[in-house]
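Encoded as structure tokens, the structure appears first; notes follow it.
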Amino acid sequence: MISYFKMPKISKRAWKVWLRNRDVFMKTYKVNFLLPFFEPLLYLFALGFGLGSYIQVIEGMTYARFIAPALIAVAIMNSAFFECTYGSYVRMYYQKTFDAIIATPLSIEDVITGELLWGATRSLIYGTILLPVVAAFRLIELPSSLLIIPFSFLAGFLFACFGMCFTAISPNINTLSYPTYLFITPMFLFSGTFFPLALLPEPMQYAAIATLPLTHVVGITRALTFAAPSAFLLVNLAWILLVSLILFVLAVNLMKKRLIV
Amino acid sequence: MAIGSIIVAEDLTKQFGEFVAVNRVSFTVTEGEVFGFLGPNGAGKTTTMRMIQCVSPKTAGTLTVFGMEVSTHQREIKKLLGVAPQEPNLDPDFTVRENLLVYSRYFDIPRATAERIIDELLDFVQLRPKKNTLIEQLSSGMKRRLILARALINSPRLLILDEPTVGLDPQARHLIWDKIKSLQSQGITIVLTTHYLEEAAWLCDRLVIMDNGTILVQGSPNELVRQYVGSEVVEAENEPKVIACLERNGASYEVFGNRVQIYTMDPREITYALLKECKLGQVTARSATLEDVFLKLTGRKLRE
Numbered sequence: 084m085i086s087y088f089k090m091p092k093i094s095k096r097a098w099k100v101w102l103r104n105r106d107v108f109m110k111t112y113k114v115n116f117l118l119p120f121f122e123p124l125l126y127l128f129a130l131g132f133g134l135g136s137y138i139q140v141i142e143g144m145t146y147a148r149f150i151a152p153a154l155i156a157v158a159i160m161n162s163a164f165f166e167c168t169y170g171s172y173v174r175m176y177y178q179k180t181f182d183a184i185i186a187t188p189l190s191i192e193d194v195i196t197g198e199l200l201w202g203a204t205r206s207l208i209y210g211t212i213l214l215p216v217v218a219a220f221r222l223i224e225l226p227s228s229l230l231i232i233p234f235s236f237l238a239g240f241l242f243a244c245f246g247m248c249f250t251a252i253s254p255n256i257n258t259l260s261y262p263t264y265l266f267i268t269p270m271f272l273f274s275g276t277f278f279p280l281a282l283l284p285e286p287m288q289y290a291a292i293a294t295l296p297l298t299h300v301v302g303i304t305r306a307l308t309f310a311a312p313s314a315f316l317l318v319n320l321a322w323i324l325l326v327s328l329i330l331f332v333l334a335v336n337l338m339k340k341r342l343i344v
Numbered sequence: 080m081a082i083g084s085i086i087v088a089e090d091l092t093k094q095f096g097e098f099v100a101v102n103r104v105s106f107t108v109t110e111g112e113v114f115g116f117l118g119p120n121g122a123g124k125t126t127t128m129r130m131i132q133c134v135s136p137k138t139a140g141t142l143t144v145f146g147m148e149v150s151t152h153q154r155e156i157k158k159l160l161g162v163a164p165q166e167p168n169l170d171p172d173f174t175v176r177e178n179l180l181v182y183s184r185y186f187d188i189p190r191a192t193a194e195r196i197i198d199e200l201l202d203f204v205q206l207r208p209k210k211n212t213l214i215e216q217l218s219s220g221m222k223r224r225l226i227l228a229r230a231l232i233n234s235p236r237l238l239i240l241d242e243p244t245v246g247l248d249p250q251a252r253h254l255i256w257d258k259i260k261s262l263q264s265q266g267i268t269i270v271l272t273t274h275y276l277e278e279a280a281w282l283c284d285r286l287v288i289m290d291n292g293t294i295l296v297q298g299s300p301n302e303l304v305r306q307y308v309g310s311e312v313v314e315a316e317n318e319p320k321v322i323a324c325l326e327r328n329g330a331s332y333e334v335f336g337n338r339v340q341i342y343t344m345d346p347r348e349i350t351y352a353l354l355k356e357c358k359l360g361q362v363t364a365r366s367a368t369l370e371d372v373f374l375k376l377t378g379r380k381l382r383e
């Protein structure tokens, strides 16, 4: 049990793995860049401006304004999570990229850390490119919303670590559907994203705060886009930092157990 | 470490749970030689390679590479190694050149130096015209050559080739053999695994034959042939009277299905005896090969 929480030895060589993934991303940026960009926009139009036109006011604002920060948070979640589940699984199992890299001076710790940092970077990219769009619809406050840029990397790292833990224990690529449908989808709906957390029965509110990372991420993005800070943000931030650290250590050790035999 | 010893293994053991994949093997690879690991599937060759490469931790025994212990000096050892794995794990997201460039970064090779080395290596493996081709458009022979080039990107002192020619046509195989010989002449020590016996006989200065995780024999190909089967093989049909005849003459023979192989230094005498005493029609004589040693030691049972 202790071995799952052994502090990994990481080195700056992890950036070489990050660079490898960046190079692939740049080669296919047309597909990478534009397609994931559409999804949040579709939600914004369908829910924010469509369904939202029946909602006069929610928490003192329009519905589109209410869900804009949630859509940014969801984009942060999806980009890192799917990169470090399906993306990493393909590199690990089908392309044997990890095997090729650990035959060089890089260690498995470097490889996994590089993958996680890359997952976080993808969140940074998608979190950031949504900002000018929602800003153009006057749905967010500036300049406080600009803090979402660094925050998306941090939050992305959290979801990257979550994804990597599942990747490490998945017997095959199909079983990655379990975390996708049982974890990501409920989180997408019940983390204070499309309706305030306060509408949930009280025990469920606590459960959401305790176990759903997206709750904390939405809490922060919403405070930033409304320019409405509160003391609870510190709880959100502390939760994200603590859980990221635990899951990072766990992800590296689980992967090490899987790949170093 | 003895002078000139590149790899020294003593009682090296690897267990996967209850299963002992490599069982107390000892061997020494000397600088500048081509050293082969032969054996049927599941003999423990690849596991041994993976321990040398520092990607699979040993269970027991000692293993040093360049005088450094594998469990504590992984980065230092891996810096000096070139590895061509059995499964082609080239990066399908990249072109030929990009594969080598990305790999060179893992060894901290500066970009300009890497570009120069890449051109040299692509010339060496005759892939220069394919420089900007995506991996999936390469033939399997080209992929093998690219893997060899990739293994050479850090100018390694020791090259590990796991089944370097598996699945290749004779032309492609001969090209790889030429390259291996040429690398040896540049002073690179080479360790390879194969189950092509003629390949081992042609390339290896010394080799070991492994089966069920242990080393059965080691030596030079010629020594092994002479020691275990003699210089010649006479083949006859497996019939009771032939066996009886051989028993009478005290010959060294083995029965493989409907054939009997007689190992000898003097094929003429045996052939003569068989023809004269046993009145046989079908007798053939040929030179003994490493394959005879291999089959004699590991048996003819199919390995899955």
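Quick mapping for you: the protein sequence lines, in order, are chains Z and C. When we follow our numbering, the leftmost residue of the first sequence carries the number 84, and every step to the right adds one. When we follow our numbering, the leftmost residue of the second sequence carries the number 80, and every step to the right adds one. Glycine included, every Cβ here is placed at the ideal spot set by N, Cα and C.
Within the same chain, show all residues whose beta-carbon is closer than 7 Å to that of residue i, passing over the 5 residues directly before and after it, in chain order.
| i | result |
| --- | --- |
| L102 (chain Z) | none |
| E112 (chain C) | T268, D284, R285 |
| M80 (chain C) | Caution applies to M80 (chain C), whose pLDDT of 47 falls short of 50 and renders its modelled position unreliable; the value that the coordinates give is listed next. Excluding sequence neighbours, M80 (chain C) sits near V87, T143, G146. |
| A367 (chain C) | V304, V308, G309, S310, E311, V312, Y342 |
| I343 (chain Z) | I191 |
| K92 (chain Z) | E192 |
| T384 (chain C) | This structure leaves residue 384 (chain C) out entirely; chain C is present only between 80 and 383. |
| T145 (chain Z) | G135 |
Assuming residue i contacts residue j (C-beta within less than 8 Å), just tell me the rounded distance between them.
| i | j | result |
| --- | --- | --- |
| M338 (chain Z) | M247 (chain Z) | 7 Å |
| N120 (chain C) | T293 (chain C) | 15 Å between Cβ atoms; not a contact. |
| L330 (chain Z) | C244 (chain Z) | 4 Å |
| L271 (chain C) | G115 (chain C) | 6 Å |
| G197 (chain Z) | K99 (chain Z) | 7 Å |
| T187 (chain Z) | Y185 (chain C) | 4 Å |
| I231 (chain Z) | L117 (chain Z) | 21 Å between Cβ atoms; not a contact. |
| P262 (chain Z) | F249 (chain Z) | 4 Å |
| I184 (chain Z) | V194 (chain Z) | 5 Å |
| N211 (chain C) | T151 (chain C) | Not a contact, Cβ separation roughly 41 Å. |
| I212 (chain Z) | F120 (chain Z) | 6 Å |
| L259 (chain Z) | Y169 (chain Z) | 6 Å |
Going by beta carbon distance, what residues of the same chain come within less than 8 Å of residue i, once the five residues before and after it are set aside?
| i | result |
| --- | --- |
| G302 (chain Z) | G275, F315, L316, N319 |
| P164 (chain C) | I226, D241 |
| V321 (chain C) | A315, V339, L353, C357, L359 |
Smallest Cα separation from residue i: which of the options?
| i | options | result |
| --- | --- | --- |
| A203 (chain Z) | Z:S327, Z:V332, Z:I343 | Z:S327 |
| L374 (chain C) | C:F335, C:V362, C:C357 | C:F335 |
| S86 (chain Z) | Z:L333, Z:L342, Z:I343 | Z:L333 |
| F266 (chain Z) | Z:L295, Z:F240, Z:L280 | Z:L295 |
| S94 (chain Z) | Z:A311, Z:C167, Z:G143, Z:S190 | Z:S190 |
| S264 (chain C) | C:R224, C:E199, C:D248, C:R236 | C:R236 |
| Y209 (chain Z) | Z:P188, Z:L222, Z:F234, Z:R221 | Z:F234 |
| R221 (chain Z) | Z:T304, Z:A151, Z:S313 | Z:A151 |
| M109 (chain Z) | C:I131, C:D172, C:V149 | C:D172 |
| L199 (chain Z) | Z:D106, Z:F309, Z:S162 | Z:S162 |
| V157 (chain Z) | Z:S228, Z:E122, Z:S171, Z:Y264 | Z:E122 |
| L276 (chain C) | C:G246, C:L117, C:F98 | C:L117 |
| E318 (chain C) | C:Q297, C:Q306, C:R347, C:V362 | C:V362 |
| I188 (chain C) | C:S234, C:Q153, C:I156 | C:S234 |
| S298 (chain C) | C:T109, C:E97, C:G96 | Sequence check: residue 298 (chain C) is Gly here, not Ser. Measuring from the Cα of G298 (chain C), the nearest candidate turns out to be C:T109. |
| V104 (chain C) | C:L238, C:D90, C:K258 | C:D90 |
| E386 (chain C) | C:G246, C:R154, C:T107 | Outside the modelled stretch of chain C, which goes from 80 to 383, sits residue 386 (chain C), for which no answer is possible. |
Please go through the same chain and pick out, in chain order, the residues whose beta-carbon is closer than 6 Å to the beta-carbon of residue i, but skip the five residues on each side of it.
| i | result |
| --- | --- |
| L217 (chain C) | none |
| T138 (chain C) | T92, K93, Q94 |
| S331 (chain C) | Y342 |
| T377 (chain C) | P119, D290 |
| V149 (chain C) | C133, L142 |
| R365 (chain C) | V312 |
| M78 (chain Z) | Because chain Z here runs from 84 to 344, residue 78 (chain Z) falls outside it and cannot be looked at. |
| L66 (chain C) | Residue 66 (chain C) falls outside the range modelled here, since chain C spans only 80 to 383, and no answer is possible. |
Contact set between the segment 173-188 of chain Z and chain C, restricted to residues whose Cβ is under 8 Å from the partner: Q178, K179, T180, D182, A183, I184, I185, A186, T187, P188
Contact residues within the segment 98-109 of chain Z, judged by C-beta distance below 8 Å to chain C: Those residues of the segment 98-109 of chain Z that come within reach of chain C (Cβ to Cβ, closer than 8 Å) are K99, L102, R103, D106, V107.
What residues in the segment 121-133 of chain C bring their beta carbon closer than 7 Å to a beta carbon of chain Z? Q132
My parser needs the alpha helix (DSSP H) runs of 4 or more residues fully inside the segment 153-210 of chain C; what are they? Taking only runs of at least 4 residues, the alpha helix (DSSP H) segments lying wholly in the segment 153-210 of chain C are 153-159, 175-185, 190-203.
Could you name each continuous alpha helix (DSSP H) segment of 4 residues or more that falls completely within the segment 306-367 of chain C, going from the start of the chain to the end? With a minimum length of 4 residues, the unbroken runs of alpha helix (DSSP H) contained wholly in the segment 306-367 of chain C fall at 319-328, 346-357.
Can you list the beta strand (DSSP E) stretches of 3 or more residues lying completely in the segment 208-273 of chain C, in chain order? Unbroken beta strand (DSSP E) runs of no fewer than 3 residues, entirely contained in the segment 208-273 of chain C, are found at 237-241, 268-273, following chain order.
What residues in the segment 209-226 of chain C have a beta carbon less than 8 Å from any beta carbon of chain Z? Considering only beta carbons, no part of the segment 209-226 of chain C lies closer than 8 Å to chain Z.
Output needed in chain order: residues of the segment 109-128 of chain Z with a Cβ under 9 Å from some Cβ in chain C. K110, T111
For a minimum of 4 consecutive residues, which ranges assigned as the alpha helix (DSSP H) are wholly contained in the segment 173-247 of chain Z? 180-185, 191-219
Scan the segment 132-154 of chain Z for residues whose Cβ lies nearer than 9 Å to a Cβ of chain C and list them as they occur along the chain. none
Report the start-end ranges of each beta strand (DSSP E) in the segment 102-153 of chain C that is 3 residues or longer and not cut off at the edges. 113-117, 139-144
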